[in-house]
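Here the structure comes first, spelled out in structure tokens, and everything after it is commentary.
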Amino acid sequence: MIGIEHISTYLPEGRVNNLERQEQFNVSETFLTEKTGMRYLAVKEEGEETSDLCVKAFRRLEGELGPLASDIECLVVCTQNPDAYGVPHASAIVHGKLGLPVHCACFDVSLACSGYVYSVSIVKAFMEANGYKKGVLITADPYSKIIDMSDKNTSLLFGDAATATLFSDKPKWRIGKCVFGTDGARNAAIRVRAEDRKFEMAGRAVLDFCANVVPENIHATLAQNDCILGDIDKFILHQGSKFIVDMVIKRMKLDPAKVPFEAADYGNTVSSSIPMILANEKMAKKVVISGFGVGLSWGSCVLSKASDG
Numbered sequence: 438m439i440g441i442e443h444i445s446t447y448l449p450e451g452r453v454n455n456l457e458r459q460e461q462f463n464v465s466e467t468f469l470t471e472k473t474g475m476r477y478l479a480v481k482e483e484g485e486e487t488s489d490l491c492v493k494a495f496r497r498l499e500g501e502l503g504p505l506a507s508d509i510e511c512l513v514v515c516t517q518n519p520d521a522y523g524v525p526h527a528s529a530i531v532h533g534k535l536g537l538p539v540h541c542a543c544f545d546v547s548l549a550c551s552g553y554v555y556s557v558s559i560v561k562a563f564m565e566a567n568g569y570k571k572g573v574l575i576t577a578d579p580y581s582k583i584i585d586m587s588d589k590n591t592s593l594l595f596g597d598a599a600t601a602t603l604f605s606d607k608p609k610w611r612i613g614k615c616v617f618g619t620d621g622a623r624n625a626a627i628r629v630r631a632e633d634r635k636f637e638m639a640g641r642a643v644l645d646f647c648a649n650v651v652p653e654n655i656h657a658t659l660a661q662n663d664c665i666l667g668d669i670d671k672f673i674l675h676q677g678s679k680f681i682v683d684m685v686i687k688r689m690k691l692d693p694a695k696v697p698f699e700a701a702d703y704g705n706t707v708s709s710s711i712p713m714i715l716a717n718e719k720m721a722k723k724v725v726i727s728g729f730g731v732g733l734s735w736g737s738c739v740l741s742k743a744s745d746g
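Using our numbering, read the sequence shown as starting at 438 and increasing by one per residue.
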């Protein structure tokens, strides 16, 4: 059975200090710490490409586990901001930079904030269907490439990061059933404008979506996995903002100690936000991961610690 063996993370050293932008956007420190929750935003170097972030995350994985490249049979990159215009696909570029074997299957998943949950399910199924033993999922979605830094609604939220998740037949986390959904009729709520290729988000529409859809999706996921709220040690939610995470806690009457918010010093890292937290989770035996955003799309899954994990 294929599951998650290890997760490594990469954060660029560069930071945008949101606390120094209060006057520019006429916002208070309380707004930054309690509403957005993002004091600092990680930002990649000028000229650093998405594939470069992917390579650095993979090298972190090798630094923690030892050489892996020759054993990788499957490489998946989850991003909506690949190098150039996405041709060739990001995973092929990363494959070349890492020198992976020619028999390694490579493809991209074009999803954002829900992307990690979707990709976990995809990679597991793909590897099991083809008899693979080792595969890697890399998330890297540097929104600094598309953010309008004069836009209060978006430029105070997003940070750059990359993560590398090793899948194998010796997992630390076993992957349960996932529940997904899409509301394409509301796709314009989060989009990149065609005229200038800059990102925009309808804040109120996104908040309403999160308030109504996310709790329902988590409850449905628990039911699919024969679980109740009390069975779950941690709820690892996409770190859209502190307000959104707190809103889900309130709507679901969750114990705040079970719902981490860890993005204050690097920002909303899109498809990397869930694995950024999961990588450091040591004590929990059973967790829910839940991603939601662009599409509008959403998905949740239950992960269970392997007995020897």
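Cβ atoms here follow ideal geometry from the backbone N, Cα and C, with glycine treated the same way.
Check, Outcome
"Closest residue to Asp508 among Asp670, Leu715, Ser710 and Ser605 (Cα-Cα distance)", "Ser605"
"Proximity of Arg628 and Phe636 at Cβ, strictly below 9 Å", "yes"
"Which of helix, strand or coil DSSP assigns to Cys738", "strand"
"is_contact[Cys541, chain C] using C-beta, thresh 9 Å", "Going by chain labels, chain C is absent from the structure shown, which holds only one protein chain."
"Inter-stretch contact at 8 Å, needing at least 3 Cβ pairs: the region 445-454 / the region 565-574", "no"
"Thr591 (DSSP reduced to helix, strand or coil)", "helix"
"Under 9 Å between C-beta atoms of Ala598 and Arg497", "no"
"Given 8 Å, three or more beta-carbon pairs between the region 703-716 and the region 651-661", "no"
"Inter-residue spacing [alpha-carbon to alpha-carbon] between Thr446 and Glu466", "28 Å"
"DSSP three-state assignment for Gly746, whether helix, strand or coil", "Interpretation of Gly746 is limited by its pLDDT of 49, a score under 50 that renders its predicted location unreliable; the figure taken from the coordinates is listed afterwards. Coil, per DSSP."
"Coarse secondary structure for Met638, derived from DSSP in three states", "strand"
"Cβ distance (whole Å) where Gly621 is taken to contact Gly732 below 8 Å", "7 Å"
"Own chain, CB closer than 7 Å to Lys493, minus 5 neighbours either side, in chain order", "Tyr447 and Ala599"
"Those runs of the beta strand (DSSP E) which lie wholly inside the region 619-665 and span at least 3 residues", "627-629 and 636-638"
"Three-state secondary structure assigned by DSSP to Tyr703", "coil"
"Start-to-end residues for the alpha helix (DSSP H) that takes in Lys493", "Thr487 to Leu502"
"For Val731, three-class secondary structure by DSSP", "coil"
"Asn662 to Gly736 span [Cα, whole Å]", "14 Å"
"Span separating the alpha-carbon of Asn590 from that of Gly640", "7 Å"
"Residue from Val554, Ser551, Phe495 and Gln461 with nearest C-alpha to Ser528", "Phe495"
"Residues near Phe617 in its chain [Cβ-Cβ closer than 6 Å; skip 5 each side]", "Gly736"
"Span separating the alpha-carbon of Cys550 from that of Glu565", "25 Å"
"Terminal residues of the alpha helix (DSSP H) in which Asp585 lies", "It is not in any alpha helix (DSSP H) - Asp585 carries neither H nor E in the DSSP assignment."
"Residues bridged to Thr576 [DSSP beta-bridge criterion]", "Cys515 and Thr600"
"Exposure label - Tyr522; buried when at least 16 CB within 10 Å", "exposed"
"Meets three-Cβ-pair contact criterion under 8 Å: the region 454-465 and the region 577-596", "yes"
"Reduced DSSP secondary structure (H/G/I, E/B, other) of Ile669", "coil"
"Length of the line joining the Cα atoms of Gly693 and Ala479", "Correcting the residue identity first, residue 693 is Pro in this sequence and not Gly. C-alpha separation (whole angstroms): 25 Å."
"Beta strand (DSSP E) segment containing Ser445, residue limits", "Gly440 to Tyr447"
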